[in-house]
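Presented below is the structure to which this report refers.
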Amino acid sequence: MTRLLLIGPPGSGKGTQAARLSARLGIPAISTGDIFRDNVRGGTELGVLAKSFMDRGEYVPDSVTNDLVRDRLAAADADSGFLLDGYPRTAEQVRTLDEFLATRGHSLDAVVQLTADEDETVSRLLRRAAEQGRTDDTEDVIRHRLEVYARETAPLIDVYASRGVVVSIDGLGSMDEVTDRIVDALGGLGIDGKAA
Ligand code: ADP
């Protein structure tokens, strides 16, 4: 049973690595950004609400995000472990996740921090904007997302570090190189996807 978080700035490659790790470790990747985008595409009430925040580079309110994640983690496939990508992003979300896990007698096995400097993340995001046209990938919104990340989310890494569960991974390099680094680091903690 493996319970992991992936944390890092926008453009650090979390989504890409989450999909790869999910396949390697045999646990579902749960991406709040993907869930919100699916809802935007589907035109749901949640999607309309989420879009109004996402398009400005703001976080969706904690109450909404926490309810969504609680429901998702309660689904049967998350019983055998999960990899959270893009959640928690605020201190309040950390509290909610802690409580959810504690009431079930669970805790996180590792928090994988992906690092990448700002020039690299901005250029990756601008490239993706040109290729895929995500509505929150304009230059002004990207800069704002990075500011919000620095203010709200980066401090959470210290919270998890004080619990001794953070592994810090250099996010620069090819996708394969970064995956190998994460898999090696997790293997060093005895997390290899083979354990039941
Ligand atoms: P990125 O990591 O590149 O910012 P994501 O796909 O993870 O992209 O998230 C896209 C947007 O979805 C965020 O900018 C935010 O508006 C919203 N979002 C995703 N996860 C959360 C969260 N945990 N709390 C609040 N808002 C979130």
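Numbered per our numbering, the sequence shown spans residues 105 to 300. All residues carry an ideal CB built from backbone N, CA and C; glycine is no exception. A quick note: this is a predicted structure, and the numbers were derived from the prediction, not measured.
Practice prompt. Please report the Cβ distance between L108 and A214, rounded to the nearest whole angstrom; I am assuming they are in contact, meaning their Cβ atoms lie under 8 angstroms.
Written response: Right, the Cβ-Cβ distance comes to about 5 angstroms (below 8 angstroms), so this counts as a contact.
Practice prompt. May I ask you to check if the CB of R174 is nearer than 7 angstroms to at least one heavy atom of the ligand ADP?
Written response: Flag unset: Cβ of R174 not near the ligand ADP.
Item to complete: Count the CB pairs spanning the stretch 170-183 and the stretch 214-224 that are closer than 8 angstroms, and state whether there are at least three.
Response: No: the two stretches stay apart, fewer than three of their Cβ pairs being nearer than 8 angstroms.
Discussion item. Can you list, in chain order, the residues of its chain with a C-beta nearer than 6 angstroms to that of L187? Leave out the 5 residues immediately preceding and following it.
Written reply: Apart from the 5 residues on each side of it in sequence, L187 sits with its Cβ closer than 6 angstroms to the Cβ of L108, A122, L125, S126, I131 and A133 in its chain, given in chain order.
Worksheet entry | Distance between L290 and A299 (C-alpha atoms, nearest Å) | Low confidence applies here, because A299 scores a pLDDT of 49, under 50, leaving its location unreliable; read the following figure in that light. Counting only the Cα atoms, L290 lies some 13 angstroms from A299.
Worksheet item: So, is L293 buried or exposed, given that buried needs 16 or more other C-beta atoms within 10 angstroms?
Response: That one is exposed.
Discussion item. Given this structure, state the Cα-to-Cα distance separating D142 from K155, to the nearest angstrom.
Written reply: Their backbone Cα atoms lie some 11 angstroms apart in a straight line.
Worksheet entry | Among D284, L260 and I295, the one whose alpha carbon lies nearest that of T120 | Of the listed residues, the one whose Cα sits closest to T120 is D284.
Practice prompt. Grab the span of the beta strand (DSSP E) containing L187 for me, first residue to last.
Written response: G185 to D189 is the extent of the beta strand (DSSP E) around L187.
Worksheet item: Between which two residues does the alpha helix (DSSP H) containing S227 stretch?
Response: Its alpha helix (DSSP H) spans residues E222 to Q236.
Worksheet item: DSSP three-state call for A299: helix, strand or coil?
Response: Low confidence applies to A299: its pLDDT is 49, below 50, so where it sits in the model is not reliable enough to give any reading.
Worksheet item: Would you report the Cα separation of L153 and N170, rounded to the nearest angstrom?
Response: Approximately 14 angstroms between the Cα atoms of the pair.
Item to complete: With DSSP collapsed to three states, give me the class of A133.
Response: Strand.
Worksheet item: Alpha carbon to alpha carbon, what distance is there between E235 and T242?
Response: In this model, T242 and E235 are separated by some 12 angstroms (Cα to Cα).
Worksheet entry | Residue of V144, S116 and R228 minimising C-alpha distance to A258 | When each option's Cα is compared against that of A258, the closest is S116.
Discussion item. Quick check on DSSP: helix, strand or coil for T283?
Written reply: Residue state, collapsed to three classes: helix.
Worksheet item: For V164, which three-state DSSP category applies?
Response: The answer is coil: DSSP assigns V164 none of H, G, I, E or B.
Worksheet item: Could you give the residue range of the beta strand (DSSP E) that holds S272?
Response: Unbroken beta strand (DSSP E) run through S272: V270 to D274.
Practice prompt. Would you identify the three-state DSSP class for L108, choosing helix, strand or coil?
Written response: Of the three classes helix, strand and coil, the one that applies to L108 here is strand, per DSSP.
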